[in-house]
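S.K.:
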Amino acid sequence: MTKKIRVRYAPSPTGNLHIGNARTALFNYLFARHNDGEFIIRIEDTDQKRNLEHGEESQLQNLKWLGMDWDEGPDKPGKFGPYRQSERQHIYDPLIDQLLLSNRAYKCYCTEDELETEREHQRARGEMPHYGGKCANLTPSQQAEKEAQGITPVIRFRVPIENTYTFDDIVKGPITFEASSVGGDYIIRKRDGFPTYNFAVAVDDHMMGITHVLRGDDHIANT
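By our numbering, the letter at position 39 of the sequence shown is numbered 47, and the numbering carries on one by one without gaps.
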């Protein structure tokens, strides 16, 4: 490979480092060092309610105790920082604004009660729960009416449900999925203004030049 390998380990400071975290971090670390690449630490701390006060510090200390070091991270700034997602809002917001302007995303004012009622009806019909698109085509005046009622919207990405996507997994080979299987238009910005995991991760991996993503099988669906 001619392109320099860059991998990342991206913990959330919502708990202590466990064996699964350590395994993922070690695989990334060894892959980078074996290939003369770069190992980056990125803190995914957008879940403000669940973050622990010393969660980040504890996880970094445990990684050092295990003998790992990194080339860039919150304590080793580089040209691709900041390395905490909570400090990258200035990167995410303009991208979401672009999606809104191009009509590839929209504001959704549905409450959790409304969404749960919709899911219950779908399950009763034997359907996979999904967002039905109630707010997908609201007019500006309808949106203004919702906001006048004090409703803060989430931002949803318009999923092109007619498309099929394939990506290459180095371990499992090509994996193909139908866009219609993702559960409808999904949220990319929460009501608190922070991006959702999948949106922030995709943006950060691209912006930081990550060449390989090594993580658990449970993240195949997120890919």
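All residues carry an ideal CB built from backbone N, CA and C; glycine is no exception.
Since the structure is predicted, the reported quantities are computational estimates derived from the model, not experimental observations.
Which residues in the same chain as Arg-92 place their Cβ atom closer than 7 Å to its Cβ, once the five residues preceding and following it in sequence are excluded?
M.R.: Ile-51, Asp-53 and Pro-82
S.K.: How many Å lie between Pro-19 and Asn-36 at the Cα?
M.R.: 12 Å
S.K.: Identify which residue in Arg-223, Ile-218 and Asn-59 has its Cα closest to the Cα of Ala-14.
M.R.: According to the sequence displayed, residue 14 carries Arg and not Ala. Per the Cα distances, Ile-218.
S.K.: Any idea if Lys-12 is buried or exposed, counting beta-carbon neighbours within 10 angstroms, 16 or more meaning buried?
M.R.: The residue in question, Lys-12, is exposed, as its Cβ has fewer than 16 Cβ neighbours within 10 Å.
S.K.: So, helix, strand or coil for Arg-127, using DSSP?
M.R.: helix
S.K.: In terms of DSSP beta bridges, what is Lys-115 paired with?
M.R.: Ile-163
S.K.: Do Ala-132 and Met-76 have their beta-carbon atoms positioned less than 8 Å apart in this structure?
M.R.: no
S.K.: Pick from Phe-165, Leu-74 and Glu-80: whose alpha carbon is nearest that of Glu-46?
M.R.: Glu-80
S.K.: Are the CB atoms of Ala-187 and Thr-172 within a distance shorter than 8 Å?
M.R.: yes
S.K.: To the nearest angstrom, how far is it from the Cα of Asp-212 to the Cα of Asn-206?
M.R.: 10 Å
S.K.: Does the structure place the stretch 87 to 104 close enough to the stretch 65 to 74 that three or more beta carbon pairs sit under 8 Å?
M.R.: no
S.K.: Start and end of the beta strand (DSSP E) containing Pro-148?
M.R.: From DSSP, Pro-148 is part of no beta strand (DSSP E) but of the alpha helix (DSSP H) over 148 to 156.
S.K.: Does Gly-63 come out as helix, strand or coil in the three-state DSSP assignment?
M.R.: helix
S.K.: With DSSP collapsed to three states, give me the class of Val-179.
M.R.: coil
S.K.: Does Pro-203 pass the burial test, meaning 16 or more other C-beta atoms within 10 Å, or should it be called exposed?
M.R.: The residue in question, Pro-203, is buried, as its Cβ has 16 or more Cβ neighbours within 10 Å.
S.K.: Starting from Arg-197, trace the beta strand (DSSP E) both ways and give me its first and last residue.
M.R.: 195 to 197
S.K.: May I ask you to verify whether the stretch 160 to 177 touches the stretch 113 to 129, counting CB pairs closer than 8 Å and requiring at least 3?
M.R.: yes
S.K.: Please state if the CB of Gly-192 and the CB of Gly-140 are separated by a distance shorter than 8 Å.
M.R.: The Cβ atoms of Gly-140 and Gly-192 sit closer than 8 Å to each other.
S.K.: Does Val-211 come out as helix, strand or coil in the three-state DSSP assignment?
M.R.: Assignment of Val-211 by DSSP, reduced to helix, strand and coil, places it in the helix class.
S.K.: Can you list the alpha helix (DSSP H) stretches of 4 or more residues lying completely in the stretch 33 to 82, in chain order?
M.R.: 63 to 73
S.K.: Going by C-alpha to C-alpha distance, which of Asn-43, Ala-30, Ile-49 and Phe-39 sits closest to Leu-74?
M.R.: The shortest Cα separation from Leu-74 among Asn-43, Ala-30, Ile-49 and Phe-39 belongs to Ala-30.
S.K.: Going by beta carbon distance, what residues of the same chain come within less than 6 Å of Thr-184, once the five residues before and after it are set aside?
M.R.: Correct list, in chain order: Thr-174.
S.K.: Are Met-216 and Phe-39 close, meaning C-beta to C-beta below 8 Å?
M.R.: no
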